[in-house]
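Here the structure comes first, spelled out in structure tokens, and everything after it is commentary.
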Amino acid sequence: MSQRQEPHPAGQRQLAEELQALGWYHDNLTRHAAEALLLSNGQDGSYLLRKSNEKEGLYSLSVRGKDSVKHFHVEHTGTTFKFGFNEFSNLKELVMHFANQPLIGSETGTLIVLKHPYPRKVEEPSIYESVRVHTAMQTGRTENDLVPNAPSLGTKEGYLIKQGKIVKNWKTRWFTLHRNELKYFKDQTATEPIRALDLTECSAVQFDYSQERVNCFCLVFPLRTYYLCAKTGIEADEWIKILRWKLSQIRKQLEQRNATLKS
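Structure, rendered in structure tokens:
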């Protein structure tokens, strides 16, 4: 069996330039990070390419199909990109091929095709140690059609258990984070929120160990501190990190506004 020839330095530079030019190549993204990005901000058919740690010249194509992310090996042979039994002269050719022909069928019977390149252009807060959550993008059929969709920046939603204001009982509520507003609803089907919290008035977000429950954190406002609990410590950490990132962005905007007024 012949060994794969090591790429020439000039070929390596050319490959690096080709990857960077893609826009949807995420160099040091981990498997878990890719899943977090595609599940939190992607849609069916969202995909990205990342470097595989298994060996030199091996990459992973991560693709979202319904509520799961599949990972496929793409190997650079030195002159072509090998994907299963197929070989392509470049990655754009690979994408064009699988935009029309399904990669695989998912467990639900949905065919997984490459529809929406997931760009690396805009960065958001860490939700894992080395994960950068990117803004969801409004995507067209090709990477040239990528258009930033600012309203989706740093969004998050999910169930949290909230302590009551007067009666200190705990109730499960559906929370949504959008722009600088944290809203909570009776449940996921409710259309009107019970309350909308303006994060520009929030002074701190931190873990809270004063409750009998675990995985709790609190949001400090001038007139009230809100106590919330997540199902897991990881989930609580995700909420804290994205909320703290929001507060840091609000402070930066305020500092920039003040600096502009002074100048």
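Going by UniProt numbering, the letters in the sequence shown line up with residues 1 to 263, in that order. The beta carbon of each residue, even a glycine, is placed where N, CA and C say it ideally should be. Only a predicted model underlies this, so the values are computations on that prediction, with no experimental measurement involved.
Taking C-beta atoms as the reference points, H178 and T200 fail to come closer than 7 Å. Considering only L38, Q12 and V63, the residue with the shortest C-alpha distance to T77 is Q12. Secondary structure of S52 (DSSP, three-state): coil. In the DSSP assignment, V74 falls within the unbroken beta strand (DSSP E) covering S68 to H76. Short of 7 Å from the beta carbon of Q188, and not among the five residues preceding or following it, lie these beta carbons of its own chain, in chain order: W174. Shown here, I194 sits in coil according to DSSP, grouped into three states, outside any helix or strand. CA-to-CA, the gap between A16 and K51 works out to about 11 Å. Take V74, set aside five residues on each side of it, and the residues of its chain with a beta-carbon closer than 6 Å to its own are Y59, L61, F81 and F83, in chain order.
By the CB criterion at 7 Å, L243 and V205 fall inside the cutoff.
By alpha-carbon distance to H32, the top candidate from S68, F221 and L94 is S68.
Annotation: C229 to L91 spans about 44 Å, alpha carbon to alpha carbon.
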